[in-house]
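Trainee: Numbering (our numbering), first residue to last: 21 to 420.
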Ligand code: NZQ
Ligand code: ZN
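1) Going by Cα to Cα distance, which pick from 415, 349, 318 and 313 is closest to residue 329?
2) What did DSSP end up calling residue 137 once you bin it into helix, strand or coil?
3) State yes or no: is the C-beta of residue 225 nearer than 7 Å to some heavy atom of the ligand ZN?
4) Using DSSP with H/G/I as helix, E/B as strand and the rest coil, what is residue 52?
5) My assumption, with CB atoms under 8 Å, is that residue 421 sits in contact with residue 137. Please give the rounded CB distance.
6) Flag this pair as touching only if the stretch 23-32 and the stretch 280-292 have three or more C-beta atom pairs under 8 Å; answer yes or no.
7) In this structure, does DSSP put residue 310 in helix, strand or coil?
8) Please check the pair residue 222 and residue 169, which I expect to be a contact at CB under 8 Å, by giving their CB distance rounded to whole angstroms.
9) Thinking C-beta only, is residue 51 closer than 8 Å to residue 110?
10) Only counting runs of 3 or more residues, tell me where the beta strand (DSSP E) segments fall wholly within the stretch 199-242, in order along the chain.
11) Let's see if you can read the secondary structure: which residues bound the alpha helix (DSSP H) around residue 412?
12) Assuming residue 205 and residue 36 form a contact by the criterion Cβ under 8 Å, report the distance between their Cβ atoms to the nearest whole angstrom.
13) If you pair each beta-carbon of the stretch 157-172 with each one of the stretch 184-199, do three or more pairs fall below 8 Å?
14) Would the beta-carbon of residue 352 be found less than 7 Å away from any heavy atom of the ligand COA?
15) Can you tell me where the beta strand (DSSP E) holding residue 389 begins and where it ends?
16) Would you say the stretch 45-59 touches the stretch 211-229, given that touching needs at least three Cβ pairs under 8 Å?
17) Quick one: using the 10 Å Cβ neighbour count with 16 as the cut-off for buried, is residue 60 buried or exposed?
18) Thinking just about the alpha-carbon of each residue, which of 311, 261, 114 and 244 is nearest to the one in residue 371?
19) So residue 24 is in the alpha helix (DSSP H); what residue range does that whole segment cover?
20) Can you give the Cα-Cα distance for residue 237 and residue 191, rounded to whole angstroms?
21) So the beta strand (DSSP E) residue 180 belongs to, where does it begin and stop?
22) Contact check, residue 135 vs residue 56 under 8 Å by CB: the rounded distance?
23) Output the distance between the C-alpha atoms of residue 264 and residue 271, rounded to the nearest integer angstrom.
24) Going by DSSP, what residue range makes up the beta strand (DSSP E) through residue 86?
25) So does residue 233 have its beta carbon nearer than 7 Å to some heavy atom of the ligand ZN?
26) If I measure Cβ to Cβ from residue 255 and keep anything under 6 Å in the same chain, skipping five residues before and after, which residues do I get?
27) From residue 314 to residue 77, what distance separates their C-alpha atoms?
28) Could you compute how far the alpha carbon of residue 30 sits from the alpha carbon of residue 228?
29) Indicate, with yes or no, if the ligand ZN has a heavy atom lying under 7 Å from the CB of residue 170.
30) Between the alpha carbons of residue 65 and residue 71, how many angstroms are there, rounded?
31) How would you label residue 357, buried or exposed, when you count the other beta carbons within 10 angstroms and need 16 or more for buried?
32) Is the closest heavy atom of the ligand ZN to the C-beta of residue 222 under 7 Å?
33) Could you check what DSSP says for residue 125 in three-state terms: helix, strand or coil?
34) Please give me, in chain order, every unbroken run of the alpha helix (DSSP H) with length at least 4 that falls completely inside the stretch 282-335.
35) Taking a contact to mean a Cβ-Cβ separation below 8 Å, would you say residue 96 touches residue 106 in this structure?
36) Could you tell me the alpha carbon to alpha carbon distance between residue 318 and residue 85, rounded to whole angstroms?
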């Protein structure tokens with residue numbers, strides 16, 4: 021196990037009805053909130069009004085910015101950051117899926133500095149890889165997830181898209197870790213089956229990527245990861261069959277948070293190559309993040325089998341899908357089948373062609389993944405950084 025430092029500063033309030041405590045939580049951090057949310061779901065479900073009322077009751081004024089798109093855009097974030105400044109907001113509430121929560125983090129940054137968010141983006145949207153500038157200053161952030169998927173509720177990162185340049189990239193830093201996250205599983209009852217499935221694939225991917233690519237001598241983390249993967253697999257099926265099943269929704273939400281809060285990958289430093297590939301696809305085609313991950317997984321797994329780590333895929337199959345095959349290569353093959361079957365069962369199985377990707381764009385997107393995603397060390401199963409040709413091969417294999 022590698023040395024590590026782990027800091028998890030987000031206070032987590034979890035449970036049924038806890039959204040009604042929004043006011044008493046948010047008032048610890050500010051007196052005027054910008055509530056950052058998506059275009060329709062939080063209004064439709066009534067949770068936006070509940071949060072506004074709870075804030076008011078606790079003496080917190082609020083302004084609502086309800087124009088965050090899925091795959092949030094840099095220019096929307098900049099506009100909302102200026103609204104926060106003009107209204108003298110001193111706390112940002114991210115209410116919604118990963119897009120609203122990520123946007124809230126970016127807006128909290130712009131609200132303090134007044135600079136456009138691209139100043140903080142990896143690569144600066146200039147086409148050149150650069151390390152992330154850790155963001156040290158932002159308004160305090162409180163997250164209220166309504167969808168179990170990204171883990172943005174309690175991590176220190178966010179992903180922003182520049183649609184003009186078709187780049188999607190991350191910001192990071194200690195100031196972006198939410199002060200508090202209110203996880204009320206009932207808020208996720210209304211998530212439709214497709215987003216429930218895509219969210220489960222997202223958390224599953226956050227887990228397997230570190231598991232394949234990082235240091236192999238971190239058994240505690242491996243077993244935590246396997247347990248979380250089992251929960252994603254099991255409870256996604258239950259939540260899709262019965263959307264108001266509290267236990268299923270609660271387990272999915274808690275799994276999504278734990279998958280990316282830092283514990284699973286501590287001491288092994290795995291990387292996120294499938295995410296880098298998917299971010300290029302959703303930057304160009306604006307598709308659901310989790311769906312893009314589901315499309316890429318089978319071909320990425322095939323490549324993992326060709327590296328020095330088929331035994332990791334075999335172990336995943338044995339521990340998560342109960343595969344009882346001793347030979348590593350055969351077990352790894354059976355794992356791919358099991359994962360694909362799970363995707364099919366929950367309705368997440370798809371192809372690039374089916375989500376509208378043009379075949380002639382695959383090579384360009386492979387190059388873009390290297391350029392914008394900057395796939396560095398250990399990006400393929402501990403052996404080597406993924407090359408553009410390998411990425412092209414993966415995309416080609418899952419084209420149709
Ligand atoms: O836009 P609204 O009207 O809110 O509707 C959303 C959206 O259409 C809807 N939705 C959310 N909660 C709902 C609901 N519909 C009914 N009932 C509810 N309770 O679901 C749709 C998708 O929402 P979105 O927030 O876009 O999905 P997700 O949570 O998957 O977030 C995706 C974004 O997060 C980034 C992705 O790249 C993508 O931009 N990620 C952020 C990460 C992080 N901060 O650490 C890590 C992830 O790997 C990921 O990259
Ligand atoms: Zn993800």
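All C-beta atoms, glycine included, are put in the ideal place defined by N, C-alpha and C.
Mentor: Here's the rundown:
1) Start at 1 with the first residue of the chain shown, and residue 329 comes out as number 309. With distances taken between Cα atoms, residue 329 lies closest to 349.
2) As a position in the chain shown, residue 137 is number 117, starting the count at 1. Reduced to three states, the DSSP call for residue 137 is helix.
3) Taking the first residue of the chain shown as position 1, residue 225 is located at position 205. Residue 225 Cβ: within cutoff of the ligand ZN.
4) Taking the first residue of the chain shown as position 1, residue 52 is located at position 32. Correct three-state label for residue 52: strand.
5) Residue numbering for the chain in the displayed model covers 21 to 420; residue 421 lies beyond these limits and cannot be assessed.
6) yes
7) Translated into the one-based positions of the chain shown, residue 310 becomes position 290. Helix, per DSSP.
8) By one-based count along the chain shown, residue 222 stands at place 202. By one-based count along the chain shown, residue 169 stands at place 149. Yes, residue 222 and residue 169 are in contact; Cβ-Cβ is about 4 Å, under 8 Å.
9) In the chain shown, residue 110 corresponds to position 90, counting from 1. In the chain shown, residue 51 corresponds to position 31, counting from 1. Taking 8 Å as the Cβ cut-off, residue 110 and residue 51 qualify as a contacting pair.
10) 200-203
11) Numbered from 1 along the chain shown, position 392 holds the residue referred to as residue 412. 408-417 is the extent of the alpha helix (DSSP H) around residue 412.
12) Within the chain shown, numbered from 1, the residue matching residue 205 stands at position 185. Within the chain shown, numbered from 1, the residue matching residue 36 stands at position 16. Residue 205 to residue 36, Cβ: 7 Å. Contact.
13) yes
14) With respect to small molecules bound, the structure shown includes the ligand NZQ and the ligand ZN and not the ligand COA.
15) The residue labelled residue 389 in the question sits at position 369 within the chain shown. It is not in any beta strand (DSSP E) - residue 389 instead sits in the alpha helix (DSSP H) that spans 382-393.
16) No, the stretch 45-59 is not in contact with the stretch 211-229.
17) Here residue 60 refers to the residue found at position 40 of the chain shown. It is exposed - the Cβ of residue 60 has fewer than 16 other Cβ atoms within 10 Å.
18) The residue given as residue 371 occupies position 351 in the chain shown. Closest option to residue 371, Cα to Cα, is 311.
19) On the chain shown, residue 24 is found 4 positions in, with the first residue counted as 1. For residue 24, no alpha helix (DSSP H) encloses it, and the DSSP letter there is neither H nor E.
20) Numbered from its first residue, the chain shown carries residue 237 at position 217. Numbered from its first residue, the chain shown carries residue 191 at position 171. Taking the straight line joining both Cα atoms gives about 29 Å.
21) Counted from its first residue, the chain shown places residue 180 at position 160. Element bounds for residue 180: 177-182.
22) Within the chain shown, residue 135 is the residue found at index 115, counting from 1. Within the chain shown, residue 56 is the residue found at index 36, counting from 1. Contact flag wrong, Cβ pair sits at about 18 Å.
23) Here residue 264 refers to the residue found at position 244 when the chain shown is read from its first residue. Here residue 271 refers to the residue found at position 251 when the chain shown is read from its first residue. Cα to Cα, the separation comes out at about 13 Å.
24) The residue labelled residue 86 in the question sits at position 66 within the chain shown. Here the beta strand (DSSP E) through residue 86 covers 81-88.
25) The residue labelled residue 233 in the question sits at position 213 within the chain shown. No, the Cβ of residue 233 stays beyond 7 Å of every heavy atom of the ligand ZN.
26) Within the chain shown, numbered from 1, the residue matching residue 255 stands at position 235. Correct list, in chain order: 268, 271 and 272.
27) Within the chain shown, numbered from 1, the residue matching residue 314 stands at position 294. Within the chain shown, numbered from 1, the residue matching residue 77 stands at position 57. The straight-line gap from Cα to Cα measures roughly 43 Å.
28) Here residue 30 refers to the residue found at position 10 when the chain shown is read from its first residue. Here residue 228 refers to the residue found at position 208 when the chain shown is read from its first residue. If I take the Cα positions, the gap works out to 24 Å.
29) In the chain shown, the residue the question calls residue 170 occupies position 150. Yes.
30) The residue given as residue 65 occupies position 45 in the chain shown. The residue given as residue 71 occupies position 51 in the chain shown. The straight-line gap from Cα to Cα measures roughly 12 Å.
31) On the chain shown, residue 357 is found 337 positions in, with the first residue counted as 1. Its Cβ having fewer than 16 others within 10 Å, residue 357 is exposed.
32) What you label residue 222 is simply residue 202 of the chain shown in a count that begins at 1. Yes, the beta carbon of residue 222 sits closer than 7 Å to at least one heavy atom of the ligand ZN.
33) Here residue 125 refers to the residue found at position 105 when the chain shown is read from its first residue. Residue 125: helix per DSSP, three-state reduction.
34) 293-305 and 309-325
35) The residue you call residue 96 lines up with position 76 of the chain shown. The residue you call residue 106 lines up with position 86 of the chain shown. No. Outside cutoff.
36) The residue given as residue 318 occupies position 298 in the chain shown. The residue given as residue 85 occupies position 65 in the chain shown. So the two alpha carbons sit approximately 38 Å from each other.
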